[in-house]
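Worksheet: the structure to be examined is printed underneath.
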Amino acid sequence: MAPLDQILGRRTGAVLLALALAFPLGADWLGQGFYVDLAARIMIFALAASSLNLVMGFGGMVCFGHAAFLGIGAYTVAILMDAGVDAAWIAWPAATAVAALAAWLIGVVSLRTRGVYFIMITLAFAQMLYYVFVSLNAYGGDDGMPLAARSALPFGLDASSDLTFYYVVLAILAGAMWLMQRLVNARFGRALQAIRENETRMEAIGYPVFRIKLAAFVIAGGAAGLAGALVANQAGMVSPGLMYWTQSGSLMIMVILGGVGYLYGGVVGAALLLVAEEYLSGLTLYWQLPLGILLLAAVLYARNGALSLPARWRHG
Amino acid sequence: MSTVIESALNGVQFGLMLSLLAAGLTLVFGIMDMINLAHGSLYMFGAYLTAALVEPTGSFLLAMLVALLATAALGMLLETTVLRTLYQRDHLSQVLATFALILIGNEVVRMIWGPQPRRLALPELFSGPVDLAGIQYPSYRLLVIGVGLAVALLLYLVVARTRVGMWVRAGASNREMATVMGVDIKRLFTLVFGLGALLCAVAGALLGPLLSVQVGMGESILILAFVVVVIGGIGSIRGALAGSLMVGMVDTVGRTLVPGALGTVFSPSVASNLGPTLASILIYVLMAAVLFWKPQGLFPARG
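Protein chains in written order, with this note's numbering: chain P, 501 to 816; chain F, 56 to 358.
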């Protein structure tokens, strides 16, 4: 586990931010504008994976149903748009709030269990929601539903431009990462990490263990809901597949790949997985074979994710 | 009434097949504390191999037997090469590694047998229905129930009555103590893994003609098997059997009864909309409820 905060915190953040800011210029210069879209997708999933990292990495709660909140956020935007509300400043906070509310309800029940049982009960709730949305024929059922357009951005920004959308997503991700960095280093975050290490002791000292865990779960659920709102906007559609268990699994893979409990674990993991998928699927029809081998190699050789490597190299 | 009995029989049949997967899963989980997502891949492999061998061997039984042995061998090979290195690692590493194995397994199957689902024909002898006190029931499904019961009984006898079974139980309830008492956990585990793979192949071969044999078939059933294991209590064979029957029953009977039951309360349009949803959700509600009241599952193996 990462010793609290200092691992690659601010410096990595600054480097990543500079890279992300310059990226569209570089891609444009190389005539690879297509990659701006991929990069936006990576940042959206970086937000979702980072929110999972908050509960899983810093809180020690392995949630196998995190995609449920992603899906709820996406559907909130789609349903609001269907009802005629297309302003981003209403729809996106609404997506965050609805997902946070769902996380609160699910958390109250699930956090009574621990370990493998917690994994399974969160999975159960996500699957229930999946089947509910599959059956909502008014909203496309199994096939999902298309969005009429992207949410309308304030200040006259044009959301239909991929470049504008890219920078909006970047601003949101950067803001979220800044907040997360503040959060995990605040009293609340320290308590959360201490609970991960020794729950019984924290209970004995008098910390409201259940409330702290629930709060982290709700914050993460809300953030995933916001990511879901962005997913819906980028893809131009929503479908129940967004909350299927394989999607939760893929968010988990991102966090594990990047580094569980590292501030930027989710970001790095999302980038690694999506770039690998993109690259390999262009290379061969059977791209999941090399992807599987890569992931297996990652488990065997980068034990705690990519971000654990620099420290291991430094210490030999 | 006859549809209820028929779907109850289908429930038992599906539950017994689930128990074959759940048994291996729960032992791996219980003894080595290892989450193996790739368990479903062995089931897929067993089904594909049976489907591929039916034609050259000309016999379902022969194809199945070869598939069983090959899958068991593959399971043991997998255990000694890859999975063994994962026992000492945390659950998350195991999740990532075995997820990688799923991708590899699916792609290898796709490369060998192509992307199209394969048809596995019913064995000739069991293609017709039988008359069960006035109900026409497919004889093949009855065969599956019979084999499922026989295997479950055999497994129970092995675990409860034999020396190897004693080691397994010792390993499941306290691995350290079992090792201290002289159980060769390493060898035992290769054995358990082979047995688990064999059971997967039995389920895969038998369910092949009923469901379609396709890439990804392992994942959907894996989730159900995990639900079963958690409901039954991790590491408990008895729990796996009880949980399987409950899940198989609730899932299958729910699909028949729920829409009708809703129709008596709500309007037909609401019922037809809500029915399938509720039926699909039922097993997850069951799991959430069981964990709510019994957080360790119904038959916890560890005291």
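Virtual Cβ for every residue (Gly too), placed ideally from N, Cα, C. Computed from a predicted structure; not experimentally measured.
Give the secondary structure of residue i by DSSP, where H, G and I count as helix, E and B as strand, and everything else as coil.
{"i": "F:Ile190", "result": "strand"}
{"i": "F:Arg139", "result": "helix"}
{"i": "F:Pro36", "result": "Since the first residue shown for chain F is 56 and the last is 358, residue 36 of chain F is missing from the structure and cannot be characterised."}
{"i": "F:Val109", "result": "helix"}
{"i": "F:Met89", "result": "coil"}
{"i": "P:Arg803", "result": "coil"}
{"i": "P:Ala729", "result": "helix"}
{"i": "P:Met737", "result": "strand"}
{"i": "P:Val562", "result": "coil"}
{"i": "P:Ala652", "result": "strand"}
{"i": "F:Val247", "result": "helix"}
{"i": "F:Pro350", "result": "coil"}
{"i": "P:Arg682", "result": "helix"}
{"i": "P:Pro790", "result": "helix"}
{"i": "F:Arg196", "result": "helix"}
{"i": "P:Arg696", "result": "helix"}
{"i": "F:Pro323", "result": "helix"}
{"i": "P:Pro810", "result": "helix"}
{"i": "P:Pro524", "result": "helix"}
{"i": "P:Ala776", "result": "helix"}
Check whether the Cβ of residue i lies closer than 9 Å to any Cβ atom in chain P.
{"i": "F:Tyr98", "result": "no"}
{"i": "F:Met72", "result": "no"}
{"i": "F:Gly249", "result": "no"}
{"i": "F:Glu231", "result": "no"}
{"i": "F:Phe154", "result": "yes"}
{"i": "F:His94", "result": "no"}
{"i": "F:Gln191", "result": "no"}
{"i": "F:Arg144", "result": "yes"}
{"i": "F:Gln269", "result": "no"}
{"i": "F:Gly352", "result": "yes"}
{"i": "F:Thr140", "result": "yes"}
{"i": "F:Gly358", "result": "Residue placement at F:Gly358 is flagged as unreliable, the pLDDT there being 39, under the threshold of 50; a coordinate-derived value is accordingly withheld."}
Any beta carbon of chain F sitting closer than 9 Å to that of residue i?
{"i": "P:Gln788", "result": "yes"}
{"i": "P:Phe665", "result": "no"}
{"i": "P:Ile572", "result": "no"}
{"i": "P:Gly749", "result": "yes"}
{"i": "P:Val515", "result": "no"}
{"i": "P:Ala798", "result": "yes"}
{"i": "P:Phe534", "result": "no"}
{"i": "P:Pro503", "result": "Caution applies to P:Pro503, whose pLDDT of 44 falls short of 50 and renders its modelled position unreliable; the model cannot decide the point."}
{"i": "P:Tyr801", "result": "no"}
{"i": "P:Thr746", "result": "yes"}
{"i": "P:Ser808", "result": "no"}
{"i": "P:Arg696", "result": "no"}
{"i": "P:Ser635", "result": "yes"}
{"i": "P:Gly792", "result": "yes"}
Flag this pair as yes or no: are the beta carbons of residue i and residue j separated by less than 9 Å?
{"i": "P:Arg588", "j": "P:Leu653", "result": "A small correction: the amino acid at residue 588 of chain P is Ala; Arg does not occupy that position in the sequence shown. Yes; because the gap between Cβ atoms is below 9 Å, this pair is in contact."}
{"i": "F:Phe115", "j": "F:Pro178", "result": "yes"}
{"i": "P:Ala546", "j": "P:Leu570", "result": "no"}
{"i": "F:Asn126", "j": "F:Gly160", "result": "Looking at the sequence itself, residue 126 of chain F is Thr, so the reference to Asn does not match. Cβ distance not < 9 Å, so F:Thr126 and F:Gly160 don't count as in contact."}
{"i": "F:Leu337", "j": "F:Val305", "result": "yes"}
{"i": "F:Ala155", "j": "F:Arg144", "result": "no"}
{"i": "F:Phe181", "j": "F:Leu198", "result": "yes"}
{"i": "F:Leu261", "j": "F:Met119", "result": "yes"}
{"i": "F:Leu175", "j": "F:Val268", "result": "yes"}
{"i": "P:Ala568", "j": "P:Ile606", "result": "yes"}
Just the C-alpha distance for residue i and residue j, rounded to the nearest angstrom, thanks.
{"i": "P:Ile619", "j": "P:Leu611", "result": "10 Å"}
{"i": "P:Asp643", "j": "P:Ser739", "result": "6 Å"}
{"i": "P:Gly513", "j": "P:Lys713", "result": "26 Å"}
{"i": "F:Ala295", "j": "P:Gly565", "result": "23 Å"}
{"i": "P:Thr613", "j": "F:Val185", "result": "46 Å"}
{"i": "F:Ser299", "j": "P:Gly526", "result": "56 Å"}
{"i": "P:Gly560", "j": "F:Tyr195", "result": "47 Å"}
{"i": "F:Leu243", "j": "F:Ala252", "result": "14 Å"}
{"i": "P:Leu679", "j": "F:Met236", "result": "53 Å"}
{"i": "F:Phe248", "j": "F:Trp222", "result": "14 Å"}
{"i": "F:Val214", "j": "F:Ala207", "result": "11 Å"}
{"i": "P:Met737", "j": "F:Leu346", "result": "35 Å"}
{"i": "P:Val616", "j": "F:Asn91", "result": "12 Å"}
{"i": "P:Leu636", "j": "F:Gly85", "result": "39 Å"}
{"i": "F:Gly273", "j": "F:Tyr98", "result": "6 Å"}
{"i": "P:Ala600", "j": "P:Leu807", "result": "29 Å"}
{"i": "F:Ala343", "j": "P:Gly765", "result": "30 Å"}
{"i": "F:Leu73", "j": "F:Leu209", "result": "16 Å"}
Note to self: Can you pull out the residues from the segment 775-786 of chain P whose beta carbon lies closer than 7 Å to at least one beta carbon of chain F?
What the structure shows: Residues of the segment 775-786 of chain P whose Cβ lies closer than 7 Å to any Cβ of chain F, in chain order: Tyr786.
Check: Name the residues in the segment 329-344 of chain F whose C-beta lies less than 8 Å from a C-beta of chain P; which are they?
Finding: Going along the segment 329-344 of chain F in chain order, one finds Leu329, Pro331, Thr332, Ser335, Ile336, Tyr339, Val340, Met342 and Ala343 with a Cβ nearer than 8 Å to chain P.
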